[in-house]
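Line by line, the protein sequences give chains A and B. Okay, so the first sequence: first residue is 1 according to the numbering used here, each after it adds one. Okay, so the second sequence: first residue is 1001 according to the numbering used here, each after it adds one. Contents: one structure, followed by commentary.
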Amino acid sequence: MKRDALRAVAMFVLIALLPLAGDSYWLRLGTTMLMYGVLAISWNFIGGMAGYPSFASAAFFGLGAYAGAVAQKLGAPMGFAWALAGAAALVFAAALGVALLRLRGHYFAIASLVVAEVLRELVNAATDLTGGGMGLNLPIPRLASIEGQAMFFFYAMLALAALAFAAMLAAMHSRLGFGLRCIQQNESAADMLGVNTTLYKVAAFMLSGVFVGVAGAIYASWVHYIEPPDVFDVLYSVKAIVMVLIGGAGSVFGPLFGAALFLSLEELVWRNYLQVHTGVLGLLIVLLVLFLPKGLISLRRRTA
Amino acid sequence: MLVLQVLANGLILGGLYACIAAGFSLVWGVLNIINILHGSFIVLGGYLAFFAYSIAGIHPFASILIAAPLFFALGYALQAGLINRMIAAPVLLTLSLTFGLDLMLANGMLVAFSADFRKIILDPPLGVLSVGPLVVPVDRLTAMILALALTGLLYLLLARSRIGRAIVAVRMDREAAALMGVNVKRIYAVTFGLGSLMAGASGALLAMIFPISPLVGPAYLGKAFVICVLGGLGSVPGAMIGGLALGVVESFGALWLGPEYAVPLSFTLLILVLIVRPSGLLGKRGYE
């Protein structure tokens, strides 16, 4: 654990130095990468460790984005709005987890998938509070310059990613992580041996929600404008899964590595083949599933 | 009277929904695979009917006969060539596989057909049928009857034919079926082919009633999920009852709450049913 922690500190310090090297384009890419990293790390709690195929990331992301945006619209300061968004995602994940985590396999996957759709329609319909389909404008933070703002959101996302990573590392080496791995291997057996499976699963689900909720709120403040199809996009759920699959589910550095690699691929495809970028993403997923179902990390083990 | 009219609309819609869900439910029940492609197959079937009518003048009801073999072949090839390789993999991987394929197909259709909404407009129109106070458009009614007939044919195929019995046997116990001499991989391919056939055919019927676009695929996929959960997995009667129930619920939901709540209503229903009865309202335990 100590070695992992040291490596992680070195890595985050290196990422923190990025603004010295690049212009605002790189800063934007870096912020997006860290956001993807938060999504992937968060999914790793429930999907990688507990083995539950959750598609709820988009729901947490959108909920956090709207909670933060509405709080700011009603006059809350930005930092407080972000914390509020995290709290909202945490409470929502707890309630949702108690209800949904009794389902397994496909049923859980689908139930978690439609949550984002329901929230999106509800936000769409609650026009008074959320602006409905017209979206919601956020106040632009009073910071010195455009570059200063970009820098600010980059470091905010970096801090969040570091926090999520620390939480994942701590969870992996605690009773929680042990219990979750037991649940992944054989839930009934774990239950019989005295692991409180419901509690552990709900805890994992809450951890997979809270950081994504804050990331959604930071994203909303960063782009100044959100609308339901943007923040409740099911692709957020799918990307989180793909990134973890690329990196290797349940591993420590897999999610972050997957996020970086995925973003690079996405940016390349997006820049060069705008018309077919979702198709290329699909092809990437198909190839990944067919040839590297355990992630790129399995390559190293295979050769070793 | 309004209630009766809404009920009639709901039942007509529900007949089409049953046809949408029957193939999806069959694939899920037999192969234990969620075919995310199903929604896009429906849209593709719709485009086939649209172009058959606008270019060659083939009536949408007749174009089902073209769609059926084409979609069966497409599904069979996809399962035999690709998905069979991953059939024993965990849920997440098979789900990701069909999701990736769906992204490719949906993107391909977007490039080929653009995002414009298109609808088959029959010339001359079929008109409406008035029964007492009820008014029913003939095209919708015929489409519903054809949809239910197709679903019924699928039921007969599963219940009576040799290959149908083999499919049911594989669903019940794959190993035992294999020991009895059933070629399981081939049955998987046939099942997936049948599922695709139902999707393509129902798409051809839908294109006459609702505008189609590559963007509406996920909406139909969502409906198929809800129906499967309502009716239970892998059973054709279940899909039929679930489809009719969803059609009625959506119609009354639109009447009482407003059309914008139709989708959240059905999905909330889905989550509630899953929580209370994870095997579906009509499902049997042990078939998960």
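Just so you know, even glycine gets a beta-carbon here, dropped at the ideal spot from N, CA and C.
Original post:
Considering only residues of the stretch 64 to 135 of chain A, which uninterrupted alpha helix (DSSP H) runs meet the minimum length of 4 residues and lie entirely inside it, listed in chain order?
Top reply: 78 to 100, 105 to 125, 127 to 130
**OP:** Measure the C-alpha to C-alpha separation of L1026(B) and R1160(B) and round it to an integer number of angstroms.
**Re:** Within the second sequence, the letter at position 26 stands for residue 1026(B). Within the second sequence, the letter at position 160 stands for residue 1160(B). Distance between the alpha carbons of L1026(B) and R1160(B) is about 16 Å.
**OP:** Spell out the partners DSSP gives Y225(A) in its beta bridges.
**Re:** Position 225 of the first sequence, counting from 1, holds the residue named residue 225(A). Paired residues: N137(A).
**OP:** Buried or exposed for R1171(B), please, with buried defined as at least 16 other CB atoms from any protein chain shown within 10 angstroms of its CB.
**Re:** As a first step, residue 1171(B) is located in the second sequence; it is residue number 171 there, counting from the start. Buried, by the Cβ-count rule.
**OP:** Tell me, please, whether the CB atom of A99(A) is closer than 9 Å to any CB atom in chain B?
**Re:** Counted from its first residue, the first sequence places residue 99(A) at position 99. By this cut-off, A99(A) is an interface position.
**OP:** Kindly give me the distance between the Cβ atoms of I183(A) and G51(A), rounded to whole angstroms, as I take these residues to be in contact under 8 Å.
**Re:** Taking the first residue of the first sequence as position 1, residue 183(A) is located at position 183. Taking the first residue of the first sequence as position 1, residue 51(A) is located at position 51. So it is a contact: roughly 7 Å between Cβ atoms.
Original post:
Hey, which unbroken runs of the alpha helix (DSSP H) at 4 residues or more fall wholly within the stretch 1018 to 1100 of chain B?
Top reply: 1038 to 1056, 1060 to 1081
Original post:
Tell me the DSSP bridge mates of R1118(B)?
Top reply: As a working note, residue 1118(B) is residue 118 in the second sequence. I1212(B), per the DSSP bridge assignment.
Original post:
Does the distance from the C-beta atom of A125(A) to that of V202(A) stay below 9 Å?
Top reply: Taking the first sequence and counting its residues from 1, one reaches residue 125(A) at position 125. Taking the first sequence and counting its residues from 1, one reaches residue 202(A) at position 202. No; because the gap between Cβ atoms is not below 9 Å, this pair is not in contact.
Original post:
Under a three-way DSSP split, which group does S1196(B) fall into?
Top reply: As a first step, residue 1196(B) is located in the second sequence; it is residue number 196 there, counting from the start. In this structure, S1196(B) counts as helix in the three-state DSSP scheme.
Subject >> CA nearest to the CA of L235(A), picked from E266(A), S251(A), N186(A), F153(A) >> reply: Residue numbering aside, residue 235(A) sits at position 235 when the first sequence is read from its first letter. L235(A) has its Cα closest to that of E266(A), out of E266(A), S251(A), N186(A), F153(A).
**OP:** Pull out every residue of the stretch 261 to 293 of chain A whose Cβ sits closer than 9 Å to any Cβ of chain B, in chain order.
**Re:** Q275, V276, H277, T278, G279, V280, L281, G282, L283, L284, I285, V286, L287, L288, V289, L290, P293
Original post:
What residues of chain B sit near A308(A), judged by a beta carbon separation below 9 Å?
Top reply: Here chain A has residues from 1 to 304 only, and residue 308(A) is not among them.
Original post:
What are the boundary residues of the beta strand (DSSP E) that L1129(B) is part of?
Top reply: The residue given as residue 1129(B) occupies position 129 in the second sequence. Counting along the chain, the beta strand (DSSP E) containing L1129(B) begins and ends at 1128 to 1131.
Original post:
Name the residues in the stretch 1002 to 1031 of chain B whose C-beta lies less than 8 Å from a C-beta of chain A; which are they?
Top reply: W1028
**OP:** State yes or no: is the beta carbon of L256(A) nearer than 9 Å to at least one beta carbon in chain B?
**Re:** The residue given as residue 256(A) occupies position 256 in the first sequence. With 9 Å as the cut-off, L256(A) does not count as an interface residue toward chain B.
Original post:
Looking at the structure shown, is L1134(B) part of a helix, part of a strand, or coil, going by DSSP?
Top reply: For the purposes of this step, residue 1134(B) is taken as the residue at position 134 of the second sequence. In the structure shown, L1134(B) sits in a strand (DSSP, three-state: E or B).
**OP:** Give a yes or no on whether 9 Å exceeds the smallest Cβ distance from P53(A) to chain B.
**Re:** Mapped onto the first sequence, residue 53(A) falls at position 53. Interface residue, yes.
Subject >> S24(A) - DSSP class collapsed to helix/strand/coil >> reply: Locating residue 24(A) in the first sequence gives position 24, counting from the first residue. Three-state DSSP puts S24(A) in a helix.
Original post:
Does the beta-carbon distance from N1084(B) to A1189(B) come in below 9 Å?
Top reply: Here residue 1084(B) corresponds to residue number 84 of the second sequence, with the count starting at 1. Here residue 1189(B) corresponds to residue number 189 of the second sequence, with the count starting at 1. Contact: yes.
Original post:
Hey, is the stretch 1066 to 1086 of chain B in contact with the stretch 1008 to 1015 of chain B, meaning 3+ C-beta pairs nearer than 8 Å?
Top reply: no
**OP:** Identify which residue in I246(A), E117(A), G216(A), S54(A) has its Cα closest to the Cα of W82(A).
**Re:** As a first step, residue 82(A) is located in the first sequence; it is residue number 82 there, counting from the start. Out of I246(A), E117(A), G216(A), S54(A), G216(A) has the C-alpha closest to the C-alpha of W82(A).
Original post:
DSSP on E1288(B), reduced to helix/strand/coil?
Top reply: Within the second sequence, numbered from 1, the residue matching residue 1288(B) stands at position 288. Its pLDDT being 36, under 50, E1288(B) is placed unreliably in this model, and the value from its coordinates should be taken loosely. Coil, per DSSP.
Original post:
For G79(A), which option in G254(A), I246(A), A220(A) has the closest C-alpha, if you only look at C-alpha atoms?
Top reply: Numbered from 1 along the first sequence, position 79 holds the residue referred to as residue 79(A). Out of G254(A), I246(A), A220(A), A220(A) has the C-alpha closest to the C-alpha of G79(A).
**OP:** State yes or no: is the C-beta of L90(A) within less than 9 Å of the C-beta of G68(A)?
**Re:** Numbered from its first residue, the first sequence carries residue 90(A) at position 90. Numbered from its first residue, the first sequence carries residue 68(A) at position 68. Contact flag unset, no.
Original post:
Should Q185(A) be labelled buried (16 or more other beta-carbon atoms within 10 Å of its own) or exposed?
Top reply: Locating residue 185(A) in the first sequence gives position 185, where the first residue counts as 1. So Q185(A) counts as exposed.
**OP:** Kindly say whether Y107(A), judged by its beta-carbon, lies nearer than 9 Å to any beta-carbon of chain B.
**Re:** Here residue 107(A) corresponds to residue number 107 of the first sequence, with the count starting at 1. Yes, its Cβ sits closer than 9 Å to a Cβ of chain B.
Original post:
Applying a beta-carbon distance threshold of less than 7 Å, which residues of chain D neighbour I1087(B)?
Top reply: Here chain D cannot be found, since the structure's protein chains are A and B.
**OP:** Indicate whether at least one CB of chain B lies closer than 9 Å to the CB of A217(A).
**Re:** The count along the first sequence starts at 1 and reaches residue 217(A) at position 217. No, because no Cβ of chain B sits closer than 9 Å to the Cβ of A217(A).
Original post:
Is the CB of E121(A) under 9 Å away from at least one CB in chain B?
Top reply: In the first sequence, residue 121(A) corresponds to position 121, counting from 1. Chain B, which has a Cβ nearer than 9 Å to the Cβ of E121(A), makes this yes.
**OP:** Identify which residue in F1267(B), L1244(B), F1113(B), A1080(B) has its Cα closest to the Cα of C1019(B).
**Re:** Position 19 of the second sequence, counted from the first residue, corresponds to residue 1019(B). Looking at the Cα atoms, L1244(B) is the closest of the given residues.
**OP:** Examine chain A for any beta-carbon lying closer than 9 Å to the beta-carbon of T1268(B), and answer yes or no.
**Re:** In the second sequence, counting from the first residue as 1, residue 1268(B) sits at position 268. Judged by the 9 Å Cβ criterion, T1268(B) is in contact with chain A.
**OP:** Kindly indicate if chain A contains any beta-carbon less than 9 Å away from that of L1105(B).
**Re:** Your numbering for residue 1105(B) matches position 105 in the second sequence. Answer yes: the Cβ-Cβ gap between L1105(B) and chain A drops below 9 Å somewhere.
**OP:** Express the C-alpha separation of I1227(B) and K239(A) in angstroms, rounding to a whole number.
**Re:** The residue given as residue 239(A) occupies position 239 in the first sequence. The residue given as residue 1227(B) occupies position 227 in the second sequence. In a straight line, the C-alpha of K239(A) is about 27 Å away from that of I1227(B).
Original post:
Looking at C-alpha atoms only, which residue of L1158(B), G1045(B), L1097(B), G1023(B) is the closest neighbour of I285(A)?
Top reply: Numbered from its first residue, the first sequence carries residue 285(A) at position 285. Nearest option by C-alpha distance: L1097(B).
**OP:** Using a threshold of 9 Å, state whether the C-beta atoms of Q1079(B) and G1234(B) are closer than that.
**Re:** Stepping through the second sequence from its first residue, residue 1079(B) is reached at position 79. Stepping through the second sequence from its first residue, residue 1234(B) is reached at position 234. No, Cβ-Cβ distance for Q1079(B) and G1234(B) is not below 9 Å.
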